[in-house]
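Asker: Just passing along the structure, written as structure tokens.
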Amino acid sequence: MSFAPGHITIQRYLLLSAGIFIMAWGCKKDQISFAGPETITFQKPAHFPEPVYNFENNPLTREGFELGRKLFYEPLLSANGKVSCGSCHHQSAGFSDQGKAFSIGVDNRPGMRNSPALANLAWYPAFMADGGVNHIEVMPLAPITDTLEMHEDLAQVLQKLQQHPDYPALFEKAFGSDSITSKHFLYSLAQFMSMMVSANSKFDRFLQDKAILSPAEQRGYELFKINCAHCHTGALTSDFSYRNNGLDIYSEDAGRARITLKEEDHGKFKVPSLRNVALSTPYMHDGRFESLQEVINHYSEGIQATTNLDPSLAPMHFSEEEKADLVLFLTTLTDEEYTQHTELSDPSVLR
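Sequential numbering of the sequence shown, starting at 341, is according to our numbering.
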């Protein structure tokens, strides 16, 4: 993998998320012939903070990563065998579902929220727009078991994989046993997802003094630092907090309050990363804005004075030139290396 060298720090391993329970790991068989998989190193981009994910319990291997990659694009994870993680997270769109306010699940029903772009997941302290999943290793259980998405049971997934002609051997190569357990299933997906690192956009190169922004991009960046960077902070472009950004006087989607059950969290959603944001239309948790111009118009003139409005927000009244400059700056967050990286692509597609 081509990421900047570095090592992660060891942090406490979290297991459960919002009541989601991982099945018993099961026992390993003795595999006398198992020589051990090829270790690979997680390499932190020099301008990034230390990741949140603790790799100590799930060391990265070539075989584990490749298995997770195959599973990410595997439609057997869904009830009808037609929907994979990659069905709603397309690499060419920054692993978003470009052009769709809501992705369509196995029962031809729209999901509850807009499918977000995926990148730099090893740095996420929580997942989903409401933070309902607190660990990358259990994240896949949310879409797999959601009745509006893949609508499948984990036990059924494991059984289908166990009966598949290829997967038992792949799990044996990665983990030393051809018995497919929930632990190894989730570990392999976590290995792939943790290596989805986007760190080579023009903005990244600018931060490292390897690129120069155009005058319009620089003006947009100055506006961004003043008006946006208190939430969309640092190289990750998010502080991962939960905020109400004034979309509605009273949101039909309770947001963070679905998890905390606190009225003061009603209508608050996690601040999204803006990486590859120009590719991940439409925007907001419900996909209401079809363009970056519409998003900027909201922050310029459309913020609603809701009770839970984030105190840092007020209408910003950008000029038309300032709006155009902001859009140009946001396009510098597009990472073409990431969206074209063959090691992150669907392994079943010939290139």
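The beta carbon of each residue, even a glycine, is placed where N, CA and C say it ideally should be.
Roughly how many angstroms lie between the CA atoms of S534 and E641, to the nearest whole one?
Answerer: Sequence index remark: in the sequence shown, residue 534 carries index 194 (1-based). Sequence index remark: in the sequence shown, residue 641 carries index 301 (1-based). Looking at the two C-alpha atoms, the distance is approximately 38 Å.
Asker: Can you name, in chain order, every residue of its own chain whose Cβ lies under 6 Å from the Cβ of L498, other than the five neighbours on each side?
Answerer: As a first step, residue 498 is located in the sequence shown; it is residue number 158 there, counting from the start. Excluding residues within five positions, the ones whose Cβ falls inside 6 Å are I520.
Asker: Find the nearest neighbour of S517 within the set G421, S685 and G404, judged by alpha-carbon distance.
Answerer: The residue given as residue 517 occupies position 177 in the sequence shown. When only C-alpha atoms are compared, the closest one is G404.
Asker: At the level of alpha carbons, what is the spacing between N584 and F515?
Answerer: Locating residue 584 in the sequence shown gives position 244, where the first residue counts as 1. Locating residue 515 in the sequence shown gives position 175, where the first residue counts as 1. Computed Cα separation, rounded: 43 Å.
Asker: Secondary structure at G642, three-state DSSP: helix, strand or coil?
Answerer: Numbered from 1 along the sequence shown, position 302 holds the residue referred to as residue 642. In the structure shown, G642 sits in a helix (DSSP, three-state: H, G or I).
Asker: Are there 16 or more other CB atoms within 10 angstroms of the CB of Q531, so buried, or fewer, so exposed?
Answerer: Indexing the sequence shown from 1 puts residue 531 at position 191. By the neighbour-count rule (16 or more Cβ atoms within 10 Å), Q531 is buried.
Asker: Suppose contacts are defined by Cβ-Cβ distances below 8 Å. Is G434 in contact with T679 by that definition?
Answerer: Counted from its first residue, the sequence shown places residue 434 at position 94. Counted from its first residue, the sequence shown places residue 679 at position 339. Going by C-beta atoms, G434 is nearer than 8 Å to T679.
Asker: Less than 8 Å separating the beta-carbons of G595 and A469?
Answerer: The sequence position of residue 595 within the sequence shown is 255, counting from 1. The sequence position of residue 469 within the sequence shown is 129, counting from 1. Yes, Cβ-Cβ distance for G595 and A469 is below 8 Å.
Asker: What is the C-beta distance between I636 and F609, in whole angstroms, given that I count them as a contact (C-beta under 8 Å)?
Answerer: Mapped onto the sequence shown, residue 636 falls at position 296. Mapped onto the sequence shown, residue 609 falls at position 269. Not a contact, Cβ separation roughly 18 Å.
Asker: Just to confirm my understanding: we take A462, look at its own chain, exclude 5 residues before and 5 after, and list those with CB closer than 6 Å. What are they?
Answerer: Position 122 of the sequence shown, counted from the first residue, corresponds to residue 462. Hits under 6 Å: P391, Y393 and S534.
Asker: Whole angstroms are fine: how far does the CA of A495 sit from the CA of L529?
Answerer: Stepping through the sequence shown from its first residue, residue 529 is reached at position 189. Stepping through the sequence shown from its first residue, residue 495 is reached at position 155. Looking at the two C-alpha atoms, the distance is approximately 16 Å.
Asker: Alpha carbon to alpha carbon, what distance is there between P555 and N398?
Answerer: As a working mapping, residue 398 is identified with position 58 in the sequence shown. As a working mapping, residue 555 is identified with position 215 in the sequence shown. Near 45 Å, if we compare the C-alpha coordinates of P555 and N398.
Asker: Take P377 and list the residues in its own chain whose beta-carbon comes closer than 7 Å to its own, dropping the five residues that flank it on each side.
Answerer: Start at 1 with the first residue of the sequence shown, and residue 377 comes out as number 37. Within the same chain, P377 has close Cβ partners T401, R402, E403, G404, K513 and A514.
Asker: When we look at the beta-carbon of V611 and count the other beta-carbons within 10 Å, is it buried (16 or more) or exposed?
Answerer: Position 271 of the sequence shown, counted from the start, is the residue given in the question as residue 611. Result: buried.
Asker: In its own chain, which residues sit with a C-beta less than 8 Å from the C-beta of Q644, not counting the 5 before and 5 after it?
Answerer: By 1-based counting over the sequence shown, the position of residue 644 is 304. Contacts found: G586, L587, D588 and I589.
Asker: Since T674 contacts L632 with CB under 8 Å, what's their CB separation in whole angstroms?
Answerer: Here residue 674 refers to the residue found at position 334 when the sequence shown is read from its first residue. Here residue 632 refers to the residue found at position 292 when the sequence shown is read from its first residue. Not a contact, Cβ separation roughly 12 Å.
Asker: Name the DSSP beta bridge partners of P555, please?
Answerer: Counted from its first residue, the sequence shown places residue 555 at position 215. Answer by DSSP bridge pairing: none, since P555 is not bridged.
Asker: Am I right that L526 and V478 are in contact with their C-beta atoms under 8 Å? What's the rounded C-beta distance?
Answerer: By 1-based counting over the sequence shown, the position of residue 526 is 186. By 1-based counting over the sequence shown, the position of residue 478 is 138. Indeed, because the Cβ distance is near 7 Å, the residues count as touching under 8 Å.
Asker: Answer with buried or exposed for T577, where buried requires no fewer than 16 other C-beta atoms within 10 angstroms of its C-beta.
Answerer: Your numbering for residue 577 matches position 237 in the sequence shown. When all chains shown are included, T577 counts as buried.
Asker: Does the Cβ of G408 have 16 or more other Cβ atoms within 10 Å, making it buried, or fewer, making it exposed?
Answerer: In the sequence shown, the residue the question calls residue 408 occupies position 68. The residue in question, G408, is buried, as its Cβ has 16 or more Cβ neighbours within 10 Å.
Asker: With a floor of 4 residues, list each alpha helix (DSSP H) that falls wholly inside the segment 639–687, ordered by position along the chain.
Answerer: Runs of the alpha helix (DSSP H) inside the segment 639–687: 660–671 and 676–680.
Asker: Thinking C-alpha only, which one of N540, P687, F669 and S436 is nearest E677?
Answerer: If you number the sequence shown from 1, residue 677 lands on position 337. Of N540, P687, F669 and S436, the residue nearest in Cα terms is N540.
Asker: For P651 versus Y413, is the C-beta spacing smaller than 8 Å?
Answerer: One-based indexing of the sequence shown puts residue 651 at position 311. One-based indexing of the sequence shown puts residue 413 at position 73. Result no, Cβ atoms of P651 and Y413 do not sit closer than 8 Å.
Asker: Might you give, ordered along the chain, the residues of its own chain that have their beta carbon closer than 8 Å to the beta carbon of A459, omitting 5 neighbours on each side?
Answerer: The residue you call residue 459 lines up with position 119 of the sequence shown. Excluding positions up to five away in sequence, the list reads G434, F435, M536, V537, S538, S613, R615, N616, D675 and Y678.
Asker: Which whole-angstrom value describes the C-beta separation of N454 and A466, a residue pair presumed to lie in contact below a C-beta threshold of 8 Å?
Answerer: Sequence index remark: in the sequence shown, residue 454 carries index 114 (1-based). Sequence index remark: in the sequence shown, residue 466 carries index 126 (1-based). Going by Cβ atoms, the distance from N454 to A466 rounds to 17 Å, so no, they are not a contact pair.
Asker: If you scan the segment 585–647 from start to end, which runs of the alpha helix (DSSP H) of 4 or more residues do you find wholly inside it?
Answerer: The segment 585–647 contains these whole alpha helix (DSSP H) runs: 597–600 and 632–637.
Asker: What did DSSP end up calling P415 once you bin it into helix, strand or coil?
Answerer: Position 75 of the sequence shown holds residue 415. Correct three-state label for P415: helix.
Asker: Can you tell me whether I552 is buried or exposed? The criterion is at least 16 other CB atoms within 10 Å of its CB, across all chains shown.
Answerer: Looking up residue 552 in the sequence shown gives position 212. Exposed, since its Cβ has fewer than 16 Cβ neighbours within 10 Å.
Asker: Cutting at 8 Å between CB atoms, please list the residues of its own chain near N574, excluding the five before and the five after it.
Answerer: Reading the sequence shown from its first residue, position 234 is the one you call residue 574. This sequence places Gly at residue 574; Asn is not what is there. Result list for G574: P389, in chain order.
Asker: In terms of residues, what are the limits of the alpha helix (DSSP H) holding G439?
Answerer: Numbered from its first residue, the sequence shown carries residue 439 at position 99. Looking at the DSSP string, G439 is not in any alpha helix (DSSP H), and its letter there is neither H nor E.
Asker: Quick one, are the C-beta atoms of R559 and D665 less than 8 Å apart?
Answerer: Locating residue 559 in the sequence shown gives position 219, where the first residue counts as 1. Locating residue 665 in the sequence shown gives position 325, where the first residue counts as 1. Yes.
Asker: At the level of alpha carbons, what is the spacing between E630 and M624?
Answerer: Locating residue 630 in the sequence shown gives position 290, counting from the first residue. Locating residue 624 in the sequence shown gives position 284, counting from the first residue. Computed Cα separation, rounded: 9 Å.
Asker: Which word fits S443, buried or exposed, when buried means at least 16 other C-beta atoms lie within 10 angstroms of its C-beta?
Answerer: Residue mapping note: residue 443 aligns to position 103 of the sequence shown, counting from 1. Result: buried.
Asker: Once you ignore the five residues that flank M452 on each side, which residues in its own chain have a CB closer than 7 Å to its CB?
Answerer: Translated into positions along the sequence shown, residue 452 becomes position 112. Only L488 meet the Cβ criterion.
Asker: In angstroms, rounded to a whole number, what distance separates the CA positions of P483 and L653?
Answerer: Reading the sequence shown from its first residue, position 143 is the one you call residue 483. Reading the sequence shown from its first residue, position 313 is the one you call residue 653. Answer to the nearest angstrom: the Cα atoms are 32 Å apart.
Asker: Can you list, in chain order, the residues of its chain with a C-beta nearer than 7 Å to that of R449? Leave out the 5 residues immediately preceding and following it.
Answerer: As a working note, residue 449 is residue 109 in the sequence shown. Result list for R449: L488, in chain order.
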